[in-house]
Every structure is written in C-alpha cells, then in structure tokens.
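Chains as they are written, first to last, in the numbering used here: chain A, -7 to 423; chain B, -7 to 423.
Backbone N, C-alpha and C fix where the C-beta goes; we use that ideal spot for every residue, glycine too.
Read the structure below first, then the notes.
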C-alpha cells in the first residue's frame, strides 16, 4: 500500500485500493478477540516509547519544513511533538486498552410472545476515515479508538505532519502485527494530494463513516461533498443562563469558569444570559472578573447599563451578529432576559445545539431546561467546559458531534459502533 | 398553510414555510406531556372511525382517477381503502397511544469522580419528513409514530392518494386540536408538484431526518439528492444458511417459511445456502416443496445436481447476477458451500446487510454467525420473515433501516429519537 501511494498514481485508484483493503481488514477486526486488540494497543504504546527518537526526528523534519513555508506559531505549536507528548500518546493507547470492549455487547435480550428471543448486539461501524489537520497525536488516538471498537480506519492527516504521522502509524502497524491482526486495519494516507479527501468522502462502498477533525472550513467542505455519513462537529455557541433563582456564588463561578478556563475550545461559553431579577446582583461581579481577565464584553443595552452603573468599564454594545458568533477568544456576549422562557427561546434561535447550562436552585426550572433545550449536552449548575469525553467517563473521545442522528456530544468507543438486532429461535416461523 | 399550497406558488417558498412551521411546532411537541400526545392519538382514532364514510368517499375519488389513468391492479389494490382498513388505522393509533413514551427517558445517570452526575436523555429528532407512495394508511401510521415520539412531521404521500391522505390528515389535525397541540405538528403536503421532494430533502435548516417509504427507485433518488440524513431501506437480499449441524426438520421448515410465507416482502429469503455435508439430506425435500409451490429454483451446479438426482424437476442454473438479486417473487437462488466460513463470506460479498439466518444446533457456530454477519438482523434457527417491528416488540414500525449509523433494522419510536447528554452539578467547574 505505501509503495502504491508514493507513486504519482491515479488518486482514485489508490484510494479505492485502500478502501478495499480496509473493508477486508474490517471483517477480520470485527471478529478479533478483545485480548488481541488490547495486545495490539499495548505493543503500539511500547513502540511509541521505544521509538521516541525516531518520531522526534521525523517531527523535526516536519517542523522545519513548516517553518520554512511560513506557518504561524500557533500552527507550529500544534505540529510540534515532545518526549512528553509521545509519552502521553502511549499512555492514551494503554488507557484505551483498559476500556471495556463495546463489540459484541448484547442488550435487552428478551423473549417475545412468539417464543423467539430478540435483543441487540453492539457491532463496529466497519471502516472509518479520519480526516484531520496538523496535530500528529490524532494519529495514535484515532487509530487506537478505531482499533478497540473493531473498526478498520483510514487516517488522512495534514500533509505538513506527514513524517510525524508516518512514524506514529508505523508504531500502530507494529502493534497490529505483534497481535496477529491485519496491518491494513490502520492505514495512513501518505500522498499529500488534496484530491484524496474528495475521493474518501464519496467512497460509500468501502467507508461507513467519516470523522473530520479540524477547523470549520475543513468540516464544512467535507459535510458538503460527502456521500458517506459524517460524524461532525460544527459550531459551539454555548450558553450559560443565570436564572433568577440561581445561587449567586455558583452563578459567578460558573460564568467565570465557562468563559475563561480556556478560550479556544468548543465548549467555552460564548453568550451569557441573565434573568432580569438577578442581573443587578450577579452581573457587576462577573463583569469585574471579565474586565480583570481582559475579556471583551458585548452587551445588550440593559446589561450594559447595569455594568456601567456598577462602574465596570469597557462593556460594548452587542450587535445581533454577536449572539450568533463563536468567538473562540476572550470575548463574550451578554444579554438580560425576563426569565427561563426567553432563555430557552434565545438558545433555540441563536445556539448551535452544542452545550448549554442553566444555573438555578429551582427543581422545576432545572427539569424544564434539561428537557426543552435541544443541545448535545444540557447542564444544570455546571460549567459548559465539563462537556468532554474524559469528564463524561468515555475514557477517550474521537471528537464531539453536533449531529442529531447517531452519536451526539462527545464520541467515544460507543459512538464508533452501532447495534444490530439478534434473534434466537428454535425453528421459529412467521405465521 | 393549505391555502398557500393550493396556489400555483413558488414551491421553494411553500416548502420553506412548511419547514419553518414544523420547526416551531416541534419545539412545542418536544415538551408536550405524554397525556396530551396520547389524547391526540385517541381523538384522531375516534375521528377516523366517525368519518369513515367521508374517508371512503375521498378514497373512491382517488381510485376512480387512478383507474382512468390506467394504473395496474396492484397499484389500485395498494390505494384502495375499506372500512376494515380504516378500523385498522384507528386501532394502530390506539396501539401507539399505549406504547411507553420514549421522550425524556434518562439512562445511565451516574456520578463521575468530579462529582457531576452524567447521563443521557432520550429526545425527539425534531422534524421528520416522510415521503411515501400510494398506501394511504402510511399517513395515519407515520403521523402517529412521529407524534408519540415528539417529532413534528411533514407527510408527502403519492399524488394519486391525495384525497384519501387529506381526509386522514384531517383526522390527525382534529386529534391535535382536541389535545391542545399545534396542528402544524403534522402537515400534509397537498401540492402534487414533484419538485416538492427535491426541496424537502435539502431543507437541512428545518428537517432533521427523511424517511422514504416506497420502491427502490424513490429511495435511491432521495438518498442521492438528500442533504438531510435519510433513514432508508434499500435491498433485502436475505439468506438462510443451513449448517451441516442443522436439525433437518427445522432447516426445511425455515427455508420454506422464509421463502414462501410471502414473496414480495423485504425480509423474504432470496438465497438459500446449504453446507455440503447436509445438502443431500435437506435439499431434495426443500426442492420438492418449492417445486410444488411453483418457486423457481436457480442453482449452483452442485445443488442442481442433487436436486436432479432426487428427481426434483425444474431447477435451473444460477448466474452470478442471481445471487445479487432481490427477486421479491417466487424465485430463489440456491448455493452449496463447504461450511460456515464460506457462508459468512458469501453473505458479506453478495448480501445487502438486511436479514440473514443460520440453522444450526452448534452453539459455537451460532455465536460466530451472530457476531460476524454484519446485517441489521441476524438470526439463529428462525425464519427471516420474523424481522419485523411487531415481532420485535416495537409495537409499530415506521420502516426498516439498512443504514449502519443511527437506527438499524425495524425502526419504531426509539429510532425516531436520539439521546442528548445531561449533566447535573452543584456549582461544578472544570479544573
């Protein structure tokens, strides 16, 4: 496979061949014993540690080339590996090995009046293509998660990280081989041709799902062109609504944490909604924290007035567009509302169905918010930053999905599987 | 809405308006109490019974028009309603009312080490468009299932059934109104313009899933054009594999039932696979039954020879193409194989991942077949004809899905929902 790919060959033929090899490998992997998959993960982890120098050397070549091509510091930062990062990748694979195997799990097997037993068995999706940008650790994480969930995968990383990705993929291949599993269960596309992505996303015959990881531009392009189902993450316009029955101290702490714990993540709060009756009590303190942390506040007239009166400086006027914006930066929109009805309506209108939280001590309002807000994660008295595979106990996540069908929210091993029906009879017929 | 649709208006604008109304209604429906949804279903059932004469008169107009347009008997048969059929529709709605409400069901709520409780809540998909052909009973069934699962729906039936569908949809509207639910929760498209379908399948903004019900041509067209996820059913090339450790009597009965209980259904066996060692014992009897029931047999050379020697007449030679064909008719392909490995490989190569069964008394082989055959329903010692929502205990089904993501196999209320994450904290932050 690698030889074919290095050739300046017909991209279509190359991708087709990888797809066919992945499909064949997926059948072997679907029936692979849990112990063999774990052995492969552990051997790959060992190889990562053993080959640290080789991987760092490969990465240094990528970083040098990226610098000479004029990529910015943030890009170089995402691309650069360290000994610690390689150790973390190895540890990540070992953690995946420790997770329970979802494949073959049978749920709800029960007798029906006809005498048959009917239940559902969890099965791999088949072949998953992961399309990602400059972070080389995705190679290990995504490969490990697909392997454990019994899926063959085709990894298509950024061309700038090709040397690093190849060095990491070689460790995964070593693990597969050590466990007697087909090496084509994890294939890395090593041609930089951009047409590869276009070919992958329409290869319905061999690929069951696409997981794009990267900027919004990449994801939108893939979603637009894909014929294969895409497990995707689009905007994260997350809200915290402070209800008038909120505990003020919790409200302030959650608003602060949801906005400032990290700015560039998808589960960071972008809009703070505050009930009118509590706004004068909580907004000044929140405003002072934001001002002190240099978070730009874009406010509705009412909230701006409250901040102004309280002597908080720098609150600007928000535009309609601000409430539809995922800043991914130290900027926040603030809006005052009469109460929970308007908050739920605002989130339905302006939100992106990602993660939204209410701060309230009122049980009925908490229940209403949980039921009525249609987002992949809905929270009560907790920071939106907690929307995360590790926090949720998935062990590891391949991404966060904003799809409504199949997997929603953080996607771990279970999101890479589906359930088939199984029927056990003893000569049962339809009458 | 109906007035707009009767106008020779811009189809795009009309469909857009229906979508917007459906989205608004979906928000109300998502929070509707179970009792209100059940009341609506019962009132609709009552209206169906009360208005039997009106519905039959509307149907008679459709049937008359269809006859004058030269539609064949099978078409007229699917289109025609009777008092009994209307009673069955009403009973179907009452049965849906009796099913447990899937919306709001919380699963796996558990404490995480951080102190937050994390679980999943079942929620409606939102807005579902059902695109179907000539059977008017789909209007009641699909409308009822969407309503109970908290989804607004847009129903697009065949233009030949428009009068019938309108009369039925009026009963559903009556039910919604009686229960204080928004009437636009169930909207029937009443313009016959074919461009409507093309508009619906790309209306991502307002529609969360499309369920096409009809012939393969319709489904393929929709799947090809759709930007909205399609819960679809393509081929049903179902297999029964008779293992050499099968009980011969069960094998004969299952092969007979799977093929001949009904010919035109998607879960009917199209290919019979028989292990070499048992073929001389079971094939002659099965062949005699098929010959007697006038089922045309298209055989591999080995199975044909066994039938010939046993004096079973009429077994023809199968072509490669026969094994890839969904006959939906009294025709069956027959192939002899060495054993289970080859059977699993044949199904992977020629099957359509719909429903496949093994007949065996051997536990290990049964387990292997269940795990390794990647179909939406996999069975042991049972007829493929049992792959059905009622047989599986779903109560009712909106269709059978051959998708791998989201719902697989018979799709009932649960298949019309998804799960969101819910997080309960008490001021919890991310550290």
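Practice item. Measure the C-alpha to C-alpha separation of residue 168/A and residue 152/B and round it to an integer number of angstroms. Key: Taking the first residue of the first chain as position 1, residue 168/A is located at position 176. Taking the first residue of the second chain as position 1, residue 152/B is located at position 160. Rounded to the nearest angstrom, the two C-alpha atoms are 58 Å apart.
Check your understanding: Who are the near neighbours of residue 413/B in its chain, counting only those whose CB is closer than 7 Å to its CB and skipping five residues on each side?
Key -> As a working note, residue 413/B is residue 421 in the second chain. Excluding residues within five positions, the ones whose Cβ falls inside 7 Å are 110 and 112.
Practice item. Run the CB neighbour count on residue 200/B, radius 10 Å, all protein chains shown included, and call it buried at 16 or more, exposed below. Key: Here residue 200/B is taken as the residue at index 208 of the second chain, counted from 1. With 16 or more other Cβ atoms within 10 Å, it is buried.
Check your understanding: Is the Cβ of residue 176/B closer than 7 Å to any Cβ of chain A?
Key -> The sequence position of residue 176/B within the second chain is 184, counting from 1. With 7 Å as the cut-off, residue 176/B does not count as an interface residue toward chain A.
Point to revise | Rounded separation between residue 400/B and residue 224/B - CA only | key: Counting from 1 along the second chain, the entry for residue 400/B is found at position 408. Counting from 1 along the second chain, the entry for residue 224/B is found at position 232. Cα to Cα, the separation comes out at about 9 Å.
Exercise for review: Would you identify the three-state DSSP class for residue 145/B, choosing helix, strand or coil?
Suggested key: Walking along the second chain from the start, residue 145/B turns up at place 153. DSSP places residue 145/B in strand when its eight states are reduced to three.
Practice item. Classify residue 94/B as buried or exposed, calling it buried when 16 or more other Cβ atoms lie within 10 Å of its own Cβ. Key: Sequence index remark: in the second chain, residue 94/B carries index 102 (1-based). By the 10 Å Cβ count, residue 94/B comes out buried.
Point to revise | Straight-line gap, residue 417/A to residue 108/A (C-alpha atoms, nearest Å) | key: Within the first chain, residue 417/A is the residue found at index 425, counting from 1. Within the first chain, residue 108/A is the residue found at index 116, counting from 1. Going by the C-alpha atoms only, they are around 5 Å apart.
Check your understanding: Given that a residue counts as buried once 16 or more other Cβ atoms are within 10 Å of its Cβ, and exposed if not, what is residue 4/A?
Key -> Within the first chain, numbered from 1, the residue matching residue 4/A stands at position 12. With fewer than 16 Cβ atoms within 10 Å of its Cβ, residue 4/A is classed as exposed.
Point to revise | Contacting residues, own chain, Cβ-Cβ under 7 Å from residue 198/B (five flanking each side not counted) | key: Taking the second chain and counting its residues from 1, the one referred to as residue 198/B is at position 206. Excluding positions up to five away in sequence, the list reads 11, 12, 14, 15 and 119.
Practice item. Would you please verify whether the beta carbon of residue 255/A is less than 7 Å from any beta carbon of chain B? Key: Walking along the first chain from the start, residue 255/A turns up at place 263. Output row for residue 255/A: interface = no.
Practice item. Using alpha carbons as the reference points, say which of 238/A, 226/A and 192/A lies closest to residue 220/A. Key: Along the first chain, one-based indexing puts residue 220/A at 228. Checking every option, the nearest Cα to that of residue 220/A belongs to 192/A.
**Study point:** Exposure label - residue 342/A; buried when at least 16 CB within 10 Å
**Key:** For the purposes of this step, residue 342/A is taken as the residue at position 350 of the first chain. Buried, because 16 or more other Cβ atoms sit within 10 Å of the Cβ of residue 342/A.
Review point. In terms of residue numbering, what span does the alpha helix (DSSP H) encompassing residue 359/A cover?
Key: Residue numbering aside, residue 359/A sits at position 367 when the first chain is read from its first letter. Run containing residue 359/A: 355 to 364, per the alpha helix (DSSP H) assignment.
Check your understanding: Sorted by chain position, which residues of the same chain lie with C-beta nearer than 6 Å to residue 170/A's C-beta, five sequence neighbours on each side aside?
Key -> Looking up residue 170/A in the first chain gives position 178. So the qualifying residues of the chain are 35.
Check your understanding: Mind checking whether residue 373/A and residue 419/B have CB atoms under 7 Å apart?
Key -> Your numbering for residue 373/A matches position 381 in the first chain. Your numbering for residue 419/B matches position 427 in the second chain. Yes, Cβ-Cβ distance for residue 373/A and residue 419/B is below 7 Å.
Exercise for review: Compute the beta-carbon to beta-carbon distance between residue 352/B and residue 379/B, rounded to the nearest angstrom, for a pair I have assumed lies under 8 Å.
Suggested key: In the second chain, counting from the first residue as 1, residue 352/B sits at position 360. In the second chain, counting from the first residue as 1, residue 379/B sits at position 387. Not quite, the Cβ-Cβ distance comes to about 18 Å (not below 8 Å), so this is no contact.
Practice item. Note down, in chain order, every chain A residue with its Cβ under 7 Å from the Cβ of residue 110/B. Key: What you label residue 110/B is simply residue 118 of the second chain in a count that begins at 1. Here the neighbours are 384 and 385.
Review point. Of all the CB atoms in chain B, is at least one closer than 7 Å to the CB of residue 7/A?
Key: Residue 7/A sits at position 15 when you count from the first residue of the first chain. So no, residue 7/A is outside the interface.
Check your understanding: What runs of the alpha helix (DSSP H), each 4 residues or longer, lie entirely inside the segment 135 to 215 of chain A?
Key -> 154 to 170 and 187 to 192
Exercise for review: Note the first and the last residue of the continuous beta strand (DSSP E) segment covering residue 412/B.
Suggested key: Here residue 412/B is taken as the residue at index 420 of the second chain, counted from 1. Residues 409 to 420.
Review point. So what does residue 309/B bridge to, in DSSP terms?
Key: Translated into the one-based positions of the second chain, residue 309/B becomes position 317. Answer is 291/B.
Check your understanding: Looking at the C-beta of residue 414/B, does it have a partner C-beta in chain A at a distance below 7 Å?
Key -> If you number the second chain from 1, residue 414/B lands on position 422. Yes, because at least one Cβ of chain A sits closer than 7 Å to the Cβ of residue 414/B.
Exercise for review: Determine the direct distance from the alpha carbon of residue 217/A to that of residue 426/A, and round the result to whole angstroms.
Suggested key: With chain A running from -7 to 423 in the structure shown, residue 426/A is simply not present.
Review point. If you draw a straight line from the alpha carbon of residue 64/A to that of residue 88/A, how long is it in whole angstroms?
Key: As a working note, residue 64/A is residue 72 in the first chain. As a working note, residue 88/A is residue 96 in the first chain. Straight-line Cα distance between these residues: approximately 33 Å.
Review point. Is residue 63/A helix, strand or coil when you go by DSSP?
Key: Residue mapping note: residue 63/A aligns to position 71 of the first chain, counting from 1. If DSSP states are grouped into helix, strand and coil, residue 63/A belongs with coil.
Review point. Is it the case that the Cβ atoms of residue 321/A and residue 166/A are separated by a distance below 7 Å?
Key: Within the first chain, numbered from 1, the residue matching residue 321/A stands at position 329. Within the first chain, numbered from 1, the residue matching residue 166/A stands at position 174. Against a cut-off of 7 Å, the Cβ pair of residue 166/A and residue 321/A comes out as no contact.
Review point. Is DSSP giving residue 124/B helix, strand or coil here?
Key: The sequence position of residue 124/B within the second chain is 132, counting from 1. DSSP places residue 124/B in strand when its eight states are reduced to three.
Review point. Listing by chain order, which chain A residues have their CB less than 8 Å from the CB of residue 10/B?
Key: Numbered from 1 along the second chain, position 18 holds the residue referred to as residue 10/B. Correct list: empty, because the minimum Cβ distance to chain A is about 19 Å.
Check your understanding: Does the beta-carbon of residue 429/B have 16 or more other beta-carbons within 10 angstroms, so that it is buried, or is it exposed?
Key -> Here chain B covers residues -7 to 423 and nothing more, so residue 429/B does not appear.
Practice item. With DSSP as the reference, label residue -1/A as helix, strand or coil. Key: Translated into positions along the first chain, residue -1/A becomes position 7. Interpretation of residue -1/A is limited by its pLDDT of 40, a score under 50 that renders its predicted location unreliable; the figure taken from the coordinates is listed afterwards. Reduced to three states, the DSSP call for residue -1/A is coil.
Exercise for review: In angstroms with no decimal places, state the Cα-to-Cα distance between residue 81/A and residue 129/A.
Suggested key: The count along the first chain starts at 1 and reaches residue 81/A at position 89. The count along the first chain starts at 1 and reaches residue 129/A at position 137. Going by the C-alpha atoms only, they are around 6 Å apart.
Review point. Taking residue 354/B as the reference, which of 290/B, 263/B and 239/B has the closest Cα?
Key: The residue you call residue 354/B lines up with position 362 of the second chain. It is 239/B whose Cα lies nearest to the Cα of residue 354/B.
Exercise for review: Could you pull the start and end residues of the beta strand (DSSP E) that residue 338/A belongs to?
Suggested key: Taking the first residue of the first chain as position 1, residue 338/A is located at position 346. Segment 332 to 342 is the alpha helix (DSSP H) holding residue 338/A; no beta strand (DSSP E) there.
Point to revise | Sequence-distant residues of its chain with Cβ nearer than 8 Å to residue 214/A (five each side left out) | key: The residue labelled residue 214/A in the question sits at position 222 within the first chain. Excluding residues within five positions, the ones whose Cβ falls inside 8 Å are 123, 189, 193, 202, 204, 222 and 224.
Exercise for review: Please determine if the segment 290 to 309 of chain B and the segment 357 to 367 of chain B are in contact, where contact requires at least 3 C-beta pairs separated by less than 8 Å.
Suggested key: no
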